Amino acid sequence: MGQEATLVIVKPDGLIKSLTGDVLSRLSKTGLKIIGAKVLEVTPELAHEHYRHLKDKPFYGELIKYISGFLHGENRVMAMVYYGKDAISKVREIAGSTNPEEAEPVSIRGAYGRILTTGLYENVIHASSSTQEAEREIKLWFEPREIVIELYPAKDAVNPQTKKVWL
Ligand code: UDP
Ligand code: MG
Numbered sequence: 010m011g012q013e014a015t016l017v018i019v020k021p022d023g024l025i026k027s028l029t030g031d032v033l034s035r036l037s038k039t040g041l042k043i044i045g046a047k048v049l050e051v052t053p054e055l056a057h058e059h060y061r062h063l064k065d066k067p068f069y070g071e072l073i074k075y076i077s078g079f080l081h082g083e084n085r086v087m088a089m090v091y092y093g094k095d096a097i098s099k100v101r102e103i104a105g106s107t108n109p110e111e112a113e114p115v116s117i118r119g120a121y122g123r124i125l126t127t128g129l130y131e132n133v134i135h136a137s138s139s140t141q142e143a144e145r146e147i148k149l150w151f152e153p154r155e156i157v158i159e160l161y162p163a164k165d166a167v168n169p170q171t172k173k174v175w176l
């Protein structure tokens, strides 16, 4: 695989547990470049769109409550775009398996994740799982001007004050 981008989100439990610095340190070992980063509040609309492919899963309702902050009283997340060779697999390896009990103990999810009594995997970070998903997710979470390289084609917005929008 060549140069690719991936979306990383430190989920609300990661912020509550003050894990943002540790997550950044661990991810810096990949040698990938950060090309976008911000803290934002997750709206229910953003949560539903991000996880739309999971909407038929039994855990979907809890997952939406989790990512949009209702489980932790904290709807801030930190979103980052990492870029470089094999970015998706490198980040997912450091993140660890989806199920924190199956994740390598030294991975982020193995070290800090847990399974709630509802069965939901509270696993600290999101990481894109394919180039197609990464593109969909990055375009959902970031505007073109928030990414320091021309990652995907963009065009001038109709409203010039709005700057650029993804094609
Ligand atoms: N999830 C869960 N139970 C499952 C599968 C997933 O609680 O059986 C949650 C978990 O927080 C996970 C998120 O739903 O991170 C998205 O699921 P996905 O299968 O995309 O896993 P990921 O790509 O995050 O490893
Ligand atoms: Mg996924």
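Throughout the sequence shown, residue numbering follows the numbering used here, covering 10 to 176 in sequence. Cβ coordinates follow ideal geometry from the N, Cα and C atoms, glycine included. Computed from a predicted model, the values in this text were never measured in an experiment.
Rounded straight-line distance, which links the Cα of residue j to that of residue i
i, j, result
"residue 81", "residue 74", "9 angstroms"
"residue 83", "residue 173", "30 angstroms"
"residue 71", "residue 27", "22 angstroms"
"residue 175", "residue 32", "28 angstroms"
"residue 149", "residue 114", "31 angstroms"
"residue 99", "residue 120", "17 angstroms"
"residue 108", "residue 118", "8 angstroms"
"residue 38", "residue 163", "31 angstroms"
"residue 93", "residue 101", "14 angstroms"
"residue 112", "residue 171", "42 angstroms"
"residue 25", "residue 135", "15 angstroms"
"residue 34", "residue 59", "25 angstroms"
"residue 54", "residue 151", "15 angstroms"
"residue 36", "residue 126", "29 angstroms"
Integer Cβ distance of residue i from residue j, believed to fall under 8 angstroms
i, j, result
"residue 103", "residue 116", "6 angstroms"
"residue 133", "residue 23", "4 angstroms"
"residue 51", "residue 76", "6 angstroms"
"residue 147", "residue 14", "6 angstroms"
Any chain C beta carbon closer than 9 angstroms to residue i
i, result
"residue 143", "The structure shown has no chain C; it contains just one protein chain."
Exposure label - residue i; buried when at least 16 CB within 10 Å
i, result
"residue 153", "buried"
"residue 158", "exposed"
"residue 61", "exposed"
"residue 137", "buried"
"residue 131", "buried"
"residue 128", "exposed"
"residue 11", "exposed"
"residue 40", "exposed"
"residue 78", "buried"
"residue 30", "exposed"
Cut-off 8 angstroms between Cβ atoms - residues of its own chain near residue i, not counting five sequence neighbours on either side
i, result
"residue 63", "69, 72"
Sequence-distant residues of the same chain with beta carbon closer than 7 angstroms to residue i, five excluded per side
i, result
"residue 110", "124"
"residue 57", "73"
"residue 161", "144, 148, 175"
"residue 165", "173"
"residue 156", "44, 45, 90"
"residue 106", "112, 118"
Same chain, Cβ closer than 6 angstroms to residue i, five either side skipped, listed in chain order
i, result
"residue 140", "13"
Should the stretch 13–32 be regarded as contacting the stretch 88–99, the criterion being three or more beta carbon pairs within less than 8 angstroms?
With three or more CB-CB distances shorter than 8 angstroms, the stretch 13–32 counts as touching the stretch 88–99.
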